Amino acid sequence: MSNLMTGAAMVFRTLEDQGVKHIFGYPGGAVLPIYDELKNHKKIKHILVRHEQGAGHAAEGYARSSGKPGVLLVTSGPGATNTVTALTDAYMDSVPIVCITGQVPTHLIGTDAFQECDTTGITRPCTKHNWLVKNIKELSLILHKAFDVATTGRPGPVLVDIPKDIQFQKGKYVRPKKIINKSTKDNIEINGKDDDIKAVATLIKKSFKPILYTGGGVINSGPAATCLLRELVSLTGFPITSTLQGLGAFPGNDPKFLGMLGMHGTYEANNAMHDCDLMINIGARFDDRITGKIDDFSPRSKKVHIDIDPSSINKNVAVDLAVIGDVKIVLGKLVSLLKQNGLDLANSNRQKIATWWNEIENWRKKNSLSFINSNKIIKPQFAVQRLYELTKAQDTFITTEVGQHQMWAAQHYKFDKPNRWMTSGGLGTMGYGLPAAIGVQVANPEKLVIDIAGEASVLMTMQEMSTAVQYELPIKIFILNNHYMGMVRQWQELLHEKNYSESYITALPDFVKLAEAYGCVGIRANKPEELDRKIEQMLSINGPVIFDCVVDKAENCYPMILSGKPHNQMLLGKEEDEISNEGKTQV
Amino acid sequence: MVKSAYSFATKKEKIEKHIFVVWVDNEAGVLARVVGLFSGRGYNIDSLAVAEVDRSNNISRITISTSGTPRVLQQIKLQLGKLVPVHKVADFPRNRKTLLREMALLKVVSSRSHLEKAKKLCKKYKYAIIDRTEKSYVFEVSALKNEIDNLIKKLQPLGLASASRTGVVAMTKGSEIYK
């Protein structure tokens, strides 16, 4: 009978067998048996958050910065519903997280019991899969399968709902040897068909105006994919652009890199996308923020789409050639085929695509990320640039909230490694960055972790500062404070006749005092000349810091592709004509 | 006015009718996953028929009649294929290779003469009278969807009191099956 263990013990046994070291969570009535069991499992450290949404984003930050699944444990009812935003966020951005929820005892399900809700019903559309465990015999198998579903194929969130009586019941723990689920099964069958790879190689040889358009799939595929991508670029000499989520897969400072594309992408990246004759999409999904007006999207190009998820193909944009498979396997095959053919592409292509590179260099001369700096007031772009300059020597991890500051961070902070950039792209969740930074710091204890934030976003999950203080997580919250919901304000200015409806926050907390109230350090910078010194001060503090960077209230984020416009019609900023060359800050 | 609307639907594509057959694990919530996928992504369901077909392997067969542009139909198939309890998804194009049937139970409450007229109308199809009284017949009719639509229209003036339909089910012709 020694084989038998309680459901609660089984949860931890599964976590141990899955190699989980940290879980983020919040206790409550329906998970008490699991929390009671926590003391017997010293290998697993529990991080107590202040709100379950924070646990979800922390698990996301943990997963994205470590490549391992993030785990959260919450109670039934409100505990479960509070995770919905984070689960949806993880679903949109393909982040592997495992959410374990308590549920009222099985005999009370359906009776509107205290803290009961239909957790699997509510989370069905925002998870890859979820399970309500009604039999102790199934518990360990389901938990292991949950990890498998979350981490294979296109990764994503899963949820296991465990009624309280199941947590108490005893059963036999089973660890399945190998789980064949849909994703693993499909991967065995389709990992870049050889004919498709050959076809891509042929298109590469023929192209005069190629571009590589890469996304988060490269990073999700792991470090090997990043190496292969870099090899592919050096082999072909092709220009490369990246989505928001793909930043870091290719070095941001490399001359082959055109910067981010899309709504707030660079002039050269978007024009190259529009005019190219061959587009190779690697692990991106033709999101509407990337394509702009779909009918005018890259009208003259052959389009290749490499993706692990077959349903991504032809969803938004019809492509000429689809290669279904894991990026690292597909690129591995492609790179070795290109090498094997001994094409000497780097040299032969240099001739062929030289004119194309000239065009690109001309677009580059626009300096689309430049802005007019000021010596009176801190420009937000300048603040991000200084932060980058003062932290680039270290292995720095950046998270963000959502809005203008997020786009400025994406434009002006240059990443040269994957898994260093954690931002909410698909769902656009304000409040993501602070708890995500907590997860990143837990996974990378010695590293510098900075949340580049907006003052409106960060207030949505500010309570997690208390978590950072409790676990001595030295995260730095760098707030670009313009008193507005900046991106809302920008759209209202440009598209709604400057009717700034409800986008100004008249009563903000004093962030320095707020930091002190949480038991950490607050720093404020008001003037450009004090910025460097204050950033240095922030970096010298071995503990969490809230940095209130007071910036220009009216600054807009450019370049921008406006409503229903194609890639080659970008707004470069209203001051464009008036800007003298010396007034422009070169980026 | 354009304002902040970021994109508009521009092309009007042709809407086609289509039938998908989906084999799923017969477990709690599986139908909700399938139906939720349709409503969540804005796909149409014209009819839906579902029942367990393989008890030993715990497999249910779902027949979904839907409509959409060719790209939407392709998406439906691929999105269905991603659901964890879904084993396979098959296209049943509306052509000569596909057998389609729908069954209806139709209760007519009326006078003797109207009941006889109703019976005559049903004779055009495969039918049976499975319950009869002085004042009423219950017809069991299996036919194509539009045939049943027509029959119902014609039975209405004859005293059709209640109609119950299964939704379409489909089978391939000949010895072929979907692996």
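In order, the protein sequence lines correspond to chains A and B.
The opening residue of the first sequence carries number 0 in numbering that gives the first Met the number 0; numbering runs sequentially from there.
The opening residue of the second sequence carries number 0 in numbering that gives the first Met the number 0; numbering runs sequentially from there.
Glycine included, every Cβ here is placed at the ideal spot set by N, Cα and C.
Nothing here was measured: the structure is a model prediction, and the numbers come from that model.
Proximity of residue i and residue j at Cβ, strictly below 8 Å
i	j	result
Gly6 of chain A	Gln114 of chain A	no
Gly453 of chain A	Gly402 of chain A	yes
Asp547 of chain A	Asn481 of chain A	no
Thr398 of chain A	Gly432 of chain A	yes
Ala218 of chain A	Gly247 of chain A	Strictly speaking, residue 218 of chain A in this sequence is Ile, with Ala absent from that position. A contact, by the Cβ cut-off of 8 Å.
Gly24 of chain A	His45 of chain A	yes
Pro95 of chain A	Gly155 of chain A	yes
Gly438 of chain A	Ala145 of chain A	no
Glu267 of chain A	Ile359 of chain A	yes
Asn190 of chain A	Asp394 of chain A	no
Tyr136 of chain B	Ala117 of chain B	yes
Phe296 of chain A	Pro558 of chain A	no
Gln52 of chain A	Thr13 of chain A	no
Lys327 of chain A	Ala223 of chain A	yes
Lys76 of chain B	Phe19 of chain B	yes
Val334 of chain A	Leu320 of chain A	no
Glu101 of chain B	Gly166 of chain B	yes
Trp362 of chain A	Asn270 of chain A	yes
Buried versus exposed call for residue i [16 or more other C-beta atoms within 10 Å across all chains shown]
i	result
Ala89 of chain A	buried
Gly282 of chain A	buried
Val52 of chain B	exposed
Glu26 of chain B	exposed
Glu59 of chain A	buried
Asp193 of chain A	exposed
His106 of chain A	exposed
Lys123 of chain B	exposed
Lys497 of chain A	exposed
Ser64 of chain B	buried
Arg419 of chain A	buried
Lys13 of chain B	exposed
Lys475 of chain A	buried
Arg54 of chain B	exposed
Asp274 of chain A	buried
CB contact check: residue i to chain A, cutoff 8 Å
i	result
Gln155 of chain B	no
Val83 of chain B	yes
Met67 of chain B	The question names Met, yet the displayed sequence has Gly at residue 67 of chain B. Answer no: the Cβ-Cβ gap between Gly67 of chain B and chain A never drops below 8 Å.
Ala31 of chain B	yes
Leu77 of chain B	yes
Arg70 of chain B	yes
Gly39 of chain B	yes
Asn57 of chain B	no
DSSP bridge partner residues for residue i (one or two, in chain order)
i	result
Arg229 of chain A	For Arg229 of chain A, which the question treats as bridged, DSSP gives no partner whatsoever.
Cys125 of chain A	None; Cys125 of chain A has no bridge partner.
Ser161 of chain B	B:Lys106
Val139 of chain B	The identity of residue 139 of chain B in the sequence shown is Glu, whereas the question assumes Val. Answer is B:Leu104 and B:Ala127, bridged to Glu139 of chain B.
Cys548 of chain A	A:Leu479 and A:Ala524
Trp420 of chain A	A:Ile397
Ser465 of chain A	None; Ser465 of chain A has no bridge partner.
Phe256 of chain A	A:Ile239
Thr171 of chain B	B:Thr97
Thr213 of chain A	A:Ser241 and A:Ile281
Any chain B beta carbon closer than 8 Å to residue i
i	result
Val322 of chain A	no
Glu15 of chain A	no
His128 of chain A	yes
Ser139 of chain A	no
Pro162 of chain A	no
Lys497 of chain A	no
Pro104 of chain A	no
Arg12 of chain A	no
Thr505 of chain A	no
Asn280 of chain A	no
Lys327 of chain A	no
Proximity test, residue i beta-carbon vs the ligand SAH heavy atom, cut-off 7 Å
i	result
Asn567 of chain A	Among the components modelled here there is no ligand, and therefore nothing to report on the ligand SAH.
> Taking three-plus beta-carbon pairs below 8 Å as touching, is the segment 253 to 272 of chain A in contact with the segment 205 to 222 of chain A?
Replying inline: Contact between the segment 253 to 272 of chain A and the segment 205 to 222 of chain A is present, with at least three C-beta pairs closer than 8 Å.
>> Taking 8 Å as the cut-off, does the segment 163 to 171 of chain B touch the segment 88 to 97 of chain B (at least 3 CB pairs, one atom from each stretch)?
In response: Yes, since at least three Cβ pairs between the segment 88 to 97 of chain B and the segment 163 to 171 of chain B fall closer than 8 Å, the two stretches touch.
>> Quick check: the segment 564 to 574 of chain A against the segment 525 to 544 of chain A, are at least 3 beta-carbon pairs closer than 8 Å?
In response: Contact between the segment 525 to 544 of chain A and the segment 564 to 574 of chain A is absent: fewer than three C-beta pairs spanning the two stretches fall below 8 Å.
> Is there contact here, the segment 440 to 460 of chain A with the segment 482 to 496 of chain A, by at least three beta-carbon pairs under 8 Å?
Replying inline: Contact between the segment 440 to 460 of chain A and the segment 482 to 496 of chain A is established, with three or more Cβ pairs separated by less than 8 Å.
> Between the segment 95 to 102 of chain A and the segment 155 to 165 of chain A, are three or more C-beta pairs nearer than 8 Å?
Replying inline: Output reads yes: the segment 155 to 165 of chain A touches the segment 95 to 102 of chain A.
> Taking any Cβ of chain E, which residues in the segment 146 to 177 of chain B have a Cβ under 9 Å from it, in chain order?
Replying inline: Protein chains A and B are contained in the structure displayed, whereas chain E is not.
> If you pair each beta-carbon of the segment 310 to 321 of chain A with each one of the segment 274 to 288 of chain A, do three or more pairs fall below 8 Å?
Replying inline: Contact holds: three or more Cβ-Cβ distances are below 8 Å.
> Below 8 Å, can you find three or more Cβ-Cβ pairs linking the segment 25 to 43 of chain B to the segment 103 to 110 of chain B?
Replying inline: Too few Cβ pairs lie closer than 8 Å, so no.
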